[in-house]
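Below is one structure, written out as structure tokens, with a few remarks after it.
And the structure:
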């Protein structure tokens, strides 16, 4: 897999500082994982969710294509319940048949073509035992403003040294490919860092069809981590599916 978004993930420590407090999401996945013996997070990054589940007693593997993210996840890991591997979500092999496989952080949108989506779902099907659970979230095109934007302020966070970092950026959407390019500008103390990330927007009905084609039955569709039902215009859609028996 050619990974187009690596420059967004060059700084694992500050990645955790910016994104490491999604407690409702972590708890959602913990509750989904507790009944399971073998759990896998694909595109796990620095293991923010993986390690939360491990600390909650879940035996879990985390896989990411970026070695620097996995290296930092391993540095943080003091729990024998978690194991981390460098690997491609579309091809990662395992002798284990997992009870539960998931992606989060809108990682599904990093698979920028229909072929890539097909390869991902084909591999998830291989990794799961019959009846196993698959969960991921993605931004809903109908719930987002996809118009181009030159620059807007997004948020401020404290870096790992406690200094404020202002985050803003711009977006440019290609309606022919359904790919959004976000350019993020982070203003650290004394310097700025600019990065780009590409994300594919896919209509929910297309995802439903893809899941069915790859042997999954959808159990639930949520609009947030509190399990509110998806209504069609929400910003987020969370798919809860199972591999067909």
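In the numbering used here, the protein residues as written are 39 to 283.
Idealized CB from N, CA, C, for every residue including glycine.
Sequence-distant residues of the same chain with beta carbon closer than 7 Å to residue i, five excluded per side
| i | result |
| --- | --- |
| residue 76 | 97, 134, 136, 137 |
| residue 64 | 87, 90 |
| residue 190 | 206 |
| residue 93 | 117 |
| residue 182 | 273 |
| residue 160 | 252 |
| residue 52 | 197, 198 |
| residue 286 | Absent from the structure is residue 286, since the part of the chain shown begins at 39 and ends at 283. |
Rounded straight-line distance, which links the Cα of residue j to that of residue i
| i | j | result |
| --- | --- | --- |
| residue 80 | residue 142 | 8 Å |
| residue 245 | residue 50 | 30 Å |
| residue 132 | residue 99 | 10 Å |
| residue 84 | residue 78 | 14 Å |
| residue 108 | residue 198 | 18 Å |
| residue 224 | residue 74 | 39 Å |
| residue 266 | residue 105 | 36 Å |
| residue 235 | residue 257 | 31 Å |
| residue 230 | residue 222 | 10 Å |
| residue 173 | residue 187 | 31 Å |
| residue 208 | residue 255 | 37 Å |
| residue 156 | residue 166 | 16 Å |
| residue 163 | residue 269 | 27 Å |
| residue 60 | residue 82 | 14 Å |
| residue 115 | residue 58 | 15 Å |
| residue 213 | residue 277 | 24 Å |
| residue 101 | residue 140 | 11 Å |
| residue 243 | residue 275 | 11 Å |
| residue 44 | residue 192 | 21 Å |
Beta-carbon proximity list for residue i, same chain, < 8 Å, skipping 5 on both sides
| i | result |
| --- | --- |
| residue 195 | 55, 56, 202, 203, 205 |
| residue 144 | 175, 176, 177, 237 |
| residue 279 | 171, 172, 173, 249, 254, 255, 256, 257 |
| residue 216 | 179, 238, 239, 240 |
| residue 271 | 178, 180, 181 |
Exposure of residue i, with buried meaning 16 or more beta-carbon neighbours within 10 Å
| i | result |
| --- | --- |
| residue 129 | exposed |
| residue 260 | buried |
| residue 264 | exposed |
| residue 168 | exposed |
| residue 240 | buried |
| residue 48 | exposed |
| residue 283 | exposed |
| residue 281 | buried |
Residue i: CB within 6 Å of a non-hydrogen atom of the ligand NAD
| i | result |
| --- | --- |
| residue 242 | No copy of the ligand NAD occurs in the structure displayed, which carries no ligand at all. |
Residue i: first and last residue of the uninterrupted beta strand (DSSP E) it sits in
| i | result |
| --- | --- |
| residue 205 | 202-212 |
| residue 120 | 120-124 |
| residue 128 | Taken as a continuous stretch (DSSP letters only), residue 128 belongs to no beta strand (DSSP E), as it is neither H nor E. |
| residue 226 | 217-226 |
| residue 96 | Run containing residue 96: none; DSSP gives neither H nor E here. |
| residue 173 | 166-177 |
Beta-carbon contacts of residue i that lie in its chain and below 6 Å, excluding the five residues immediately before and after
| i | result |
| --- | --- |
| residue 153 | none |
| residue 318 | Beyond the ends of the chain as shown, which are 39 and 283, falls residue 318; an answer cannot be given. |
| residue 46 | 233, 235 |
| residue 110 | 50, 84 |
| residue 71 | 77, 91, 96, 138 |
| residue 112 | 122 |
| residue 68 | 91, 94 |
| residue 151 | none |
| residue 211 | 184, 218 |
N- and C-terminal bounds of the alpha helix (DSSP H) containing residue i
| i | result |
| --- | --- |
| residue 246 | 242-251 |
Meets three-Cβ-pair contact criterion under 8 Å: the segment 107-125 and the segment 147-163: no
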